[in-house]
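In the working numbering, the protein residues as written are 37 to 638.
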Amino acid sequence: MFDTVFAGLDDSALIAAIGQSAREEAQAGARKFAAIAQLAHLSVTEDQEHDHWVYDSWAAAASEIGAALNIGHKRASGQMRIAVALRDRLPRIAALYLQGRLSTRLICEITWRTRLVEDTQLLALLDAALAGQAQRWGPLSDERLTRAVDAVINRYDPDAVIRAKQVLTTRDFRIGTLQDPDALVTVWGQLLGCDAEVLSARITAMLKGVCDDDPRTIGERRSCAVGAIIQGHDRLPCRCGSPDCPASAPTSSNVVITVIADPAAVEAAQKLIAAEDRAQQSQQAHRAEPAPRPFRQDESSAPGSDSVADPQPNPEPDPEVPNPRPCDQDSGVALLPGATILPIAALAEAIRNGAAIKQLWLPGGDPEPHYRPSAKLAAFVRARDLFCRFPGCTVPAQRCDIDHVVPWPHGPTHASNLNCTCRTHHLGKTFWDGWRDEQSPDGTVTWTTPAAQRYTTVPASRLLFPRWNTTTTELPPLTPPRPTPTASPRCRNDDAPAPPRTPHASKPNATTTPPHGARRARARAPPRTTATTRRPSDTTSMTKAPMTLSGYPGLREYGSRGSPRQTAARTHARQGAGQSARPPRCLVVRTEVGRFPGAGLP
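As structure tokens, this is what we get:
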């Protein structure tokens, strides 16, 4: 029976059935929660006599629901809370759920992440923002819309900033426990989000510095990398034992962590820093004031004294600052790599510790004359997309290839023809017949599958930074090349992995035969082109000479706005293409760890 439900359907019909079944499943789940909410509305009463009972009207309703669904009491109570939240707190999200636009798993995430929001004004704002974005942009992946919930809460809820500051004060780092073996010591603690990203990137870079013949496991290498960082080293020595090891030569590497923030977030962080500085100065000035001379009884009874001096009143305690209501002013959003929300308090801490703030460069109308995008163009594309642009993929843009929609040289190296694609989906588009993507100037990408299904994705920055206009110049119609036969595939993009080459056979001798490890590495290496020997643009921008460091990561800029003449030319090009001259709506906060002897991470 099960294997004959869709027998006889082709690929296109089967994929359509999968999507329709998912929508019907969501609609059925929404009707279930609507029924639960109605039962709770009718059954749960505010009875002062029974409200404090262990088994009250809520528990009675949960028992009825648990029996109907064959689930435990705790799960039934959780289902009731989700249903009540959809009915009373998030009606627009509930309407989308009834239409099958949102999954049950996502509904559970949204109701859970908004459970602490009590202000009805903020709830209405959150409900309208998420529902409006979902209606405008179509279906979104669970992870992206879940991050949007965090972004909206962080953007409009001042209490979130207060809670983040309180969390920052609880961080700690410990070395050693009583259960440690003799030869090893456990380290654990909490780091700032920026510091954790720097540490993770530094360890990853050091692990790539050893050859494949290193006998240590990946876990051992990570542990050794942390020890090397503590000792002030910038690389991990290889232990393969070969004198010809390619990893034995000293290298200089930098780790750059980019935080994308809109101007409102940076302004809020700077205001927070200024407020903390004023409070600290006021506290220091208060401590510096001379203490009042103590009152003595003999002075009050001295000749000429008409009355006893009034006792000094006790100083009034500082009034507690009430929790502010949701502010009308947008407090902005800041993102770590992977679109992880960085609280404003943590952003302020990073800025106070030396992070640089630079405007994100906005591309003009002219394409770049070479195949590889420049560092500033690559930075714009990654900041715009934030994730792989394949439907439902959540690979961060930092780990994606920057792909030409229409392959070079038929398509230009321009932001309107570039998007972020993870290696898996890049390979599928390049080597598997039938996959095709089309891109609009605003960054919208429409994918066509081998089964002739079409899916539309939008840049994640439009979800997290709705005021940032990422529209670039509209390009003339481009004609993609005819697909080549897949019998002998060739890399259409240098960022895609090439098929391994078999080295030419030659007689072994002492002068021409490389060591075994080097020969294996050369056989695995992708073919080099004669046009350039540069590494990918994002890596090239991270290997420049670092600035002088003094205890905290140094700083480097994405790219300047250029001379006034260049800026005017870019503005003219945008206006000629029907775009208005506008400043970039996002900023970048970059920190860099470079080679500096005798110092570890901050």
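Here a beta-carbon is modelled for each residue, glycine too, at the ideal position from N, C-alpha and C.
Ordered along the chain, which non-local residues of its own chain (more than five positions away) have a Cβ less than 6 Å from that of Thr81?
Ser93
Pick from Ser278, Asp280, Val234, Leu220 that is closest to Glu256, judged by C-alpha positions:
Comparing alpha carbon positions, the residue from Ser278, Asp280, Val234, Leu220 closest to Glu256 is Leu220.
Can we say the segment 409-417 touches the segment 377-386, given the rule of at least three CB pairs closer than 8 Å?
Contact between the segment 409-417 and the segment 377-386 is not established, with fewer than three Cβ pairs separated by less than 8 Å.
Measuring straight from C-alpha to C-alpha, what distance separates Thr607 and Ala375?
Legend: pLDDT at Thr607 = 41, less than 50; position of this residue unreliable, no value from coordinates given.
For Ala496 and Cys424, the rounded distance between their alpha carbons:
Their backbone Cα atoms lie some 9 Å apart in a straight line.
Kindly list the residues whose CB is nearer than 6 Å to the CB of Leu371, restricted to its own chain and excluding five residues on each side of it in sequence; keep chain order.
Around Leu371, the same chain offers Ile296 as residues with beta carbons nearer than 6 Å, after the five sequence neighbours per side are excluded.
By how many angstroms is the C-alpha of Gly225 removed from the C-alpha of Val207?
The sequence given here places Arg at residue 207; Val does not occur at that position. Roughly 7 Å between the two C-alpha positions.
Where DSSP assigns a beta bridge to Gly225, which residues make up the other side?
Per DSSP, Phe209.
State the beta-bridge partners of Val185 as determined by DSSP.
According to DSSP, Val185 bridges with nothing at all.
Rounding to the nearest angstrom, what Cα-Cα distance links Ser318 and Pro405 in this structure?
57 Å
Alpha-carbon to alpha-carbon, Pro251 and Gln56:
51 Å
What distance in whole Å lies between the Cβ atoms of Leu500 and Ala187, which are believed to be in contact at a cut-off of 8 Å?
5 Å
Rounded separation between Phe38 and Pro432 - CA only:
38 Å
Helix, strand or coil for Pro562 per DSSP?
Confidence at Pro562 is low in this model, with a pLDDT of 48, below 50, so the placement of that residue should be treated as unreliable; the coordinate-derived value is given next. Three-state DSSP puts Pro562 in coil, outside helix and strand.
Would Ile146 and Leu126 qualify as a contact pair, given that the criterion is a beta-carbon distance under 8 Å?
yes
Taking DSSP's pairing of strands, which residues face Tyr491 in a bridge?
Trp483
Length of the line joining the Cα atoms of Ile118 and Lys110:
Taking the straight line joining both Cα atoms gives about 13 Å.
Other residues of its chain near Ser367: CB distance less than 8 Å, five sequence neighbours each side excluded
Asn190, Arg191, Tyr192, Pro194, Val197, Ala300, Ala301, Ala304, Ile380
Go to Cys260, then tell me how far its alpha helix (DSSP H) extends in each direction, as first and last residue.
254-266
To which residues does DSSP link Glu404 through a beta bridge?
Thr449
Ends of the beta strand (DSSP E) at Asp439?
437-440
Please determine, among Val262, Gln63, Pro279, the residue with the shortest C-alpha to C-alpha distance to Leu272.
Val262
Note down the Cα distance separating Arg275 from Thr449, rounded to an integer number of angstroms.
Whole-angstrom Cα-Cα distance: 42 Å.
The segment 438-448 contacting the segment 485-495, beta-carbon criterion three pairs below 8 Å:
no
Identify, in the order they occur along the chain, each residue of the same chain with its Cβ nearer than 6 Å to the Cβ of Glu474, setting aside the five sequence neighbours on each side.
Excluding residues up to 5 positions away in sequence, Thr482 lie with their Cβ nearer than 6 Å to the Cβ of Glu474 in the same chain.
Could you have a look at Thr376 and say whether DSSP puts it in helix, strand or coil?
strand
Where Arg425 sits in the DSSP three-state scheme
coil
DSSP on Cys274, reduced to helix/strand/coil?
coil
Go to Glu474, then tell me how far its beta strand (DSSP E) extends in each direction, as first and last residue.
472-475
Please determine if the segment 135-146 and the segment 53-69 are in contact, where contact requires at least 3 C-beta pairs separated by less than 8 Å.
yes
Could you give the C-beta distance for Ala164 and Val120, rounded to a whole number, given that I count them as a contact under 8 Å?
Incorrect: roughly 19 Å between the Cβ atoms, too far for contact.
Can the beta-carbon of Leu166 be found closer than 8 Å to that of Val153?
no
Nearest-angstrom Cα distance between Ile143 and Gly114?
13 Å
Spatial distance of Val442 from Ala315 (CA atoms)
56 Å
Have a look at Ala96 and Ala103 and give me their C-alpha separation to the nearest angstrom.
11 Å
For my contact list, Cys436 and Thr460 are in at a C-beta cut-off of 8 Å; report their separation, rounded to the angstrom.
With a contact defined as Cβ atoms closer than 8 Å, Cys436 and Thr460 miss out at about 10 Å.
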